[in-house]
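Residue numbers (the numbering used here), protein chains in the order written: chain C, 157 to 546; chain Y, 9 to 394.
Don't be surprised by glycine CBs; every beta carbon is placed ideally from N, CA and C.
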């Protein structure tokens, strides 16, 4: 008999015997379900957050910030600087020849969270200019109407509604200079803006008595647009601004948080996996113990030690993957698509196919580690003693 | 305790099984300790929150402000017992790395926020010497300052009436850091600040701290404040201290939910392992239990033995896991990533250890219930004949 058919025969035999070892087998299944379920659940936070940032960062756009600013919150671009930016090369133009560049204002607003009685949360208030829709074509009104330029009106992303009270079309929002009506709500295809409030940049700035924009968003002119724009800006050091590809900007500004989510997931998942490993070792040693006679008989019949060892590992892998799948399905059922508010950033948890792969890979590693020592013991079982012991 | 050798011997019949069980329990309770400890940190903050305290903030955190006129108007409201004002700015001492956030307070804060670690005499010192500040020991150590030292604090933009950006503080004294101020304290005089800053900002207030006569009215009072100032040039956002702390526990990470979920998953993981092991161990030793019963052990006696055998690795695991969690927590507390994310470190208090023991006992009880019941019902004659 060749090695492969030996392995198949012994593995088949051990798996057919599995129901008689149901109790110990459940230990691996339950342990892996818990460990991988927790790992995937926490990772779904990181995956959802990452997905949000990816959707917001369009590689065809660039964000222009002041040289000293790390992000749009701390950026300051004067009106005259914006005028100069409009004339820069590398920025796409519309059919009338106007630059697709839009100045933005960013602020935060205290907002009442759901349910009533909770302390206020923060919501981002973004001001856009006349070219806002041209630069961000993904923004579509789904209820009410678009705000009018220059008017003291606001529109709200649909992501705000489940988290905050008082952001329905027709509601009024307290602003620095009185109450502004919400005239419409919008979608953007699930990016950061969908959890934000939008108004007219110039009007918001005069209400806040501010005279600098935070950033300028531009649509780039072709693949070399960014390079052209960056060179042009570098040639004007007095402007004190720099351009960054929007996708890179969101990746850079989100990496601390994303890294933290990953660190927590892998630390917690790692401890859980270690516990599951001890459980798996225990189960597989007891499985080898329970199969002593069977293994000795097989060896006496001429089956190789390797075939026996592999049958032990196969059993451990099978049970672990079953457990991992249960954990992944539970994590998916409980958390996939759930809304989450990370401070003022609103997103949906995501159990993505990549996470399924990560969960199964972890389970596989734990199963191999948990199976290998018992497998060696099984392969080395002294045949004569084992047979005599019965 | 008399039967301890019996339990011990039973555990060491299969040393590998016992050690693996113990190790699994250790990992589960390490996680349990960290998670429940973190939850305890936040639960403690919520529990310590005073029901009768309310904070009034400007509605526009970034550019808004409150005014002394608003303070006076609120102070006249019949619900108010004490009212204090405070403000702050971001500055640094010598090097931009040495961040300093002076917290300017008026005398009202002495009564509205009695947790501040200043004695009446020290408050008097702060009043008499307005450019003086009190540091807590953390801040003093971080900046290398001691009582009597000059402490010029720079700001990135000119922030003084005379156009300069240096605030010439000096250290009046060093006080004990209260645990609620994890970032340290720099306590300064509001009147001094208000009189030295640009005229356009004079009379501005960052926050009002209010103690109410009736804690039951706190939420209604915050609504009333916000309604009163909704269409004024300085709209407010009032919040009770309780709500603020509850918000802190869920603002970015839902701490109660995540910690409870993780610890439940950890316990679930070892529940099956321990249940399986105790069932197996009892099955292997049916005859032994029959002998014990023959020797005169009562039904409850043998049941207790089974429970004890399940409980011992759990309780020891909980103890060792707790100790590891404690060691990890002190390491975690210093991580800059945690501070960046504004997550407080876990508190591994005796209370958390008690919870860990309680759950260890519960896991042992749940996993040993069926085998213990079987041994209790064991018929001696049948068992011995097998």
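Check                                                                                                                              : Outcome
When Y:326, Y:310, Y:103, Y:89 are compared against residue 448 (chain Y), the one with the closest alpha-carbon                   : Nothing can be reported for residue 448 (chain Y): it is not among the residues displayed for chain Y, which extend from 9 to 394.
Under the three-state DSSP convention, the category residue 319 (chain C) falls into                                               : coil
Residues that residue 66 (chain Y) bridges to, as DSSP identifies them                                                             : Y:244
Buried/exposed call for residue 175 (chain Y), threshold 16 Cβ in 10 Å                                                             : buried
Residues that DSSP places opposite residue 159 (chain Y) in a beta bridge                                                          : Y:177
Nearest-angstrom Cα separation, counted from residue 356 (chain C) out to residue 335 (chain C)                                    : 15 Å
Contact list for residue 273 (chain Y) against chain C, beta-carbon separation under 8 Å                                           : 190, 191, 193, 194, 428
Residue 167 (chain Y) - partner residues in DSSP beta bridges                                                                      : According to DSSP, which records beta bridges pairwise, residue 167 (chain Y) is partnered with nothing at all.
Chain Y contacts from the region 495–525 of chain C (Cβ-Cβ distance under 7 Å)                                                     : 498, 499
Euclidean distance between Cα positions of residue 78 (chain Y) and residue 237 (chain Y)                                          : 9 Å
Residues that residue 228 (chain Y) contacts on chain C, provided the C-beta gap is smaller than 8 Å                               : What residue 228 (chain Y) touches in chain C: nothing, since even the nearest Cβ is about 12 Å away.
For residue 121 (chain Y), three-class secondary structure by DSSP                                                                 : coil
Test: residue 243 (chain Y) CB closer than 9 Å to a CB of chain C                                                                  : yes
Close-in-space but distant-in-sequence residues of the same chain around residue 352 (chain Y) (CB under 6 Å, 5 per side omitted)  : 49
Best match in Y:27, Y:113, Y:118, Y:112 for proximity to residue 431 (chain C) [C-alpha to C-alpha]                                : Y:27
Contact set between residue 239 (chain Y) and chain C, taken where Cβ atoms lie within less than 9 Å                               : 330, 334, 335
Contact residues within the region 191–203 of chain Y, judged by C-beta distance below 9 Å to chain C                              : none
Separation of residue 189 (chain Y) from residue 105 (chain Y), as counted between CA atoms                                        : 20 Å
Environment of residue 457 (chain C) [buried if 16+ CB atoms lie within 10 Å]                                                      : exposed
Sequence ranges, alpha helix (DSSP H) only - wholly within the region 202–245 of chain C, length at least 4                        : 235–242
Where residue 182 (chain C) meets chain Y, residues with beta-carbon distance less than 8 Å                                        : 280, 284
Buried or exposed (CB count within 10 angstroms, at least 16 for buried), residue 19 (chain Y)                                     : buried
Residue 12 (chain Y), buried or exposed, once every other Cβ within 10 Å from all chains shown has been counted against 16         : exposed
Where the beta strand (DSSP E) containing residue 275 (chain C) begins and where it ends                                           : No beta strand (DSSP E) contains residue 275 (chain C), which DSSP labels as neither H nor E.
Cutoff 7 Å; reference residue 256 (chain C); Cβ partners in own chain excluding five residues on either side                       : 247, 248, 249, 250, 287, 290, 291, 374, 375
Range of the contiguous alpha helix (DSSP H) that encloses residue 381 (chain Y)                                                   : 358–384
Members of the region 284–300 of chain Y that neighbour chain C once the beta carbon cut-off is set at 8 Å                         : 284, 285, 287, 288
Residue 233 (chain C) and residue 397 (chain C) closer than 9 Å at C-beta                                                          : yes
Cα-Cα separation between residue 343 (chain C) and residue 212 (chain C), rounded to whole angstroms                               : 12 Å
Residues near residue 508 (chain C) by beta carbon distance below 7 Å, same chain, minus five either side                          : 203
Nonlocal neighbours in the same chain, by C-beta distance under 6 Å from residue 326 (chain Y), ignoring five residues either side : 37, 364, 365, 368
Spatial neighbours of residue 231 (chain C) in its chain, beta-carbon cut-off 6 Å, leaving aside the 5 residues before and after   : 221, 222, 225, 370, 371
Cβ-based neighbour list, residue 46 (chain Y), same chain, cut-off 7 Å, excluding 5 preceding and 5 following                      : 263, 267, 354
Any C-beta of chain C under 9 Å from that of residue 62 (chain Y)                                                                  : no
Expected contact under 8 Å - CB spacing of residue 206 (chain C) and residue 414 (chain C) to nearest Å                            : 6 Å
Opening and closing residue of the beta strand (DSSP E) in which residue 147 (chain Y) lies                                        : Counting along the chain, residue 147 (chain Y) falls outside any beta strand (DSSP E), though it belongs to the alpha helix (DSSP H) covering 145–151.
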